[in-house]
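Protein chains in written order, with the UniProt record's numbering: chain A, 1 to 320; chain B, 1 to 320.
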């Protein structure tokens, strides 16, 4: 008989998922008490949270439980490094139906733990409840280690725009999966398990990034957040954006535009930031410029090769 | 036309719920960036998380959106004070259907914010997604202000057992509501909005509590957590547990046992702790003793008036 959440029970599940969790030196009190206690030596904790719901953020036929765990952790850890911080810990809320195999929850947790381990972070607590659909709530924490946080509001005219990581890969994978295909494997894998450039967040902060965020809604959409918060105009130069071969293959097979994947695809959790020209760190590619607003281009505008960008610019919930 | 999540959209909802949020001096970076930044002057952050799902943790016909917000915040803030910490901040994940009135989400948020304000804490971030049923995920944070955390594992033979807050009220309210009644109003209100004794958590820590937790699963069930973690035997003396008049009224009307409400009812988020006899602080009531385990009563056992307790001892998820 397959063990399910109903037969394992809440406390059995908690025991199963906390068994063997690694614990870094940042974890002062781990799972099992009313709350966890995590060290943040400089007295400031970075906090971000995301909620994933089955059928909306993942599908069991497209992603394994392990993949969902990797992705849920990755999107939160990317937010932490986008502040220039070092991720330290996660807490996880999990809901699932009583007939869900217990192994599903255990594999989800392993995915979360393995992704966290990539950056030296630990799972320090959580909550499990019964729900009709699978729900995964992740809250991630980080330490600034004495640095100032890199906000969206610090971009200045004259800065260069640069990015690290991948753009459009997850969106190309989504385009493939929605059409019933499973290849190219590289983009399908990118949809299932993003690979945020974790080390590039703190690296950018140390180099003096004036603003930074992660690309979760799409490059143009997320740059708008920086342009609005900083009250500047940002121009993206498409010739600087190399379109990788697998994206070109998907575009050719689907009739979609490869550059649209790059400009509007979210969920790869690339990092974008602005820097004084001399400060752009290794591993970051310059793809545009920051300017003052004017009559034709008010502050808050993002342009592509100098033109307003007309295509749908990223994903907003409730409206799709 | 009633505005709904579908017409308001994700960014409209975020703007509506973040408008007018108060922000304490602990909040260094509030909502609107990749992550929030919260001060924890002594370099240790206390973290706890809970997930609430419509139909399981609340019902729209029993509780208003505002009540759900108060309760979701309360149960997390209670976990923070049960560590002896001062709550500082919350983040909130929210899921709801596209046809949910936007006002519901705004009122939920107001309930969360008002409960947080009781203890000087602020909402510093969140996430909103679309989901068939309403989901509320809360993660709460606290500062130990230089104190050691009060764990479940510190109870020692010879300690006295004491509690602060209310026991059995929410359970009596639940008994009333499940039978289709709406009174006594005091217990129905207790079910809708718990009133954890927030100040008693840090007060107990300062007084030297050897162990502490909040009562969320029921007094006996939660004392078992302390008895097991501390490897002691805990005995509860029922004559020390006053049964309030409204609980007696509910018991008389339903044929249920009032003391069972007190011993097994969770969700009032009372605090229970153990203290050296001279250390029990004002506002706490002594209700039992801590002893070593022996052949008849192994460590980890909880007894009531010296006898093993046979009734169902609290709530476990997935199995009800």
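Ideal placement from N, C-alpha and C gives every residue a C-beta, glycine not left out.
Taken in chain order, the complete alpha helix (DSSP H) segments of 4 or more residues contained in the segment 239 to 288 of chain B are 245 to 254 and 258 to 264. Spanning the alpha carbons of residue 292 (chain A) and residue 274 (chain A) requires a straight line of approximately 14 Å.
The residue among A:306, A:203, A:122 and A:67 with its C-alpha nearest the C-alpha of residue 236 (chain A) is A:306. When the beta-carbon positions are compared, residue 170 (chain A) and residue 190 (chain A) come within less than 8 Å of each other.
DSSP places residue 167 (chain A) outside both helix and strand once states are collapsed to three, so it counts as coil.
Identification of chain B residues near residue 47 (chain A) by a Cβ-Cβ cut-off of 8 Å yields 35, 36, 37, 38, 89, 91, 124, 125, 139 and 141, ordered along the chain.
The beta strand (DSSP E) runs of length 3 or more contained entirely in the segment 91 to 168 of chain B are, from start to end of the chain, 122 to 130, 135 to 143 and 160 to 164.
Burial state of residue 76 (chain A) is buried, judged by a 10 Å Cβ sphere holding 16 or more other Cβ atoms. Residues of the UniProt domain "PurM-like C-terminal" (156 to 295) of chain B that bring their beta carbon within less than 7 Å of a beta carbon in chain A comprise 213 and 214, in sequence order. Counted as a single uninterrupted DSSP element, the stretch harbouring residue 13 (chain B) is not any beta strand (DSSP E) but the alpha helix (DSSP H) occupying residues 5 to 18. With a threshold of 8 Å between beta carbons, residue 71 (chain A) makes no contact with chain B. In this structure, DSSP gives residue 215 (chain B) a state outside helix and strand, which the three-state scheme calls coil. Contact between the segment 204 to 216 of chain B and the segment 173 to 187 of chain B is absent, with fewer than three C-beta pairs closer than 8 Å.
Setting aside the 5 residues that flank it on each side, residue 82 (chain B) is surrounded in the same chain by 150, 201, 212, 213, 214 and 271, each with a C-beta closer than 8 Å to its C-beta; the list follows chain order.
Residue 47 (chain B) places its beta carbon less than 8 Å from that of residue 124 (chain A). Residues of the same chain with a CB within less than 7 Å of the CB of residue 297 (chain B), apart from the 5 flanking positions on each side, are 233 and 303 in chain order. In this structure, residue 94 (chain A) keeps its C-beta atom at 8 Å or more from the C-beta atom of residue 103 (chain A). Contacts between residue 80 (chain B) and chain A, judged by CB atoms closer than 9 Å, involve 34 and 35 in chain order. One alpha carbon belongs to residue 238 (chain B), the other to residue 248 (chain B), and they sit about 15 Å apart. Taking CB atoms only, residue 1 (chain B) has no neighbour in chain A less than 8 Å away.
With fewer than 16 other Cβ atoms inside 10 Å of its own Cβ, residue 245 (chain B) counts as exposed.
Think of a sphere of 7 Å around the beta carbon of residue 60 (chain A): no beta carbon from chain B falls inside it, the nearest being about 16 Å out.
Of the residues B:61, B:205, B:100 and B:193, the one whose Cα lies closest to the Cα of residue 152 (chain B) is B:205. Judged by their CB atoms, residue 21 (chain A) and residue 122 (chain A) are nearer to each other than the 8 Å cut-off. At a C-beta separation below 8 Å, residue 21 (chain B) has no neighbours in chain A, since its nearest C-beta there lies roughly 15 Å away.
Here residue 29 (chain B) is not near residue 39 (chain B), since their CB atoms are 8 Å or more apart. Nearest neighbour of residue 9 (chain B) by Cα position, chosen from B:128, B:281, B:136 and B:266, turns out to be B:128. Counting other Cβ atoms within 10 Å of its Cβ, residue 160 (chain B) reaches 16 or more and is therefore classed as buried. Bridge partners of residue 44 (chain A) according to DSSP: B:39. The beta carbons of residue 137 (chain B) and residue 107 (chain B) sit about 17 Å from each other, so the pair does not count as a contact at 8 Å. Sorting B:74, B:87, B:241 and B:217 by C-alpha distance to the C-alpha of residue 11 (chain A) places B:217 at the top. Residue pairing by DSSP puts residue 50 (chain B) in a beta bridge opposite B:138.
Minimum Cα-Cα distance from residue 118 (chain A) among the listed residues A:91, A:157, A:70 and A:154 corresponds to A:70.
Look at residue 202 (chain A) here: in three-state DSSP terms it is helix. For residue 226 (chain A), the closest alpha carbon among the candidates B:18, B:33 and B:4 is that of B:33.
Close to residue 67 (chain A), with beta-carbon spacing below 9 Å, lies no residue of chain B; the smallest spacing is near 19 Å.
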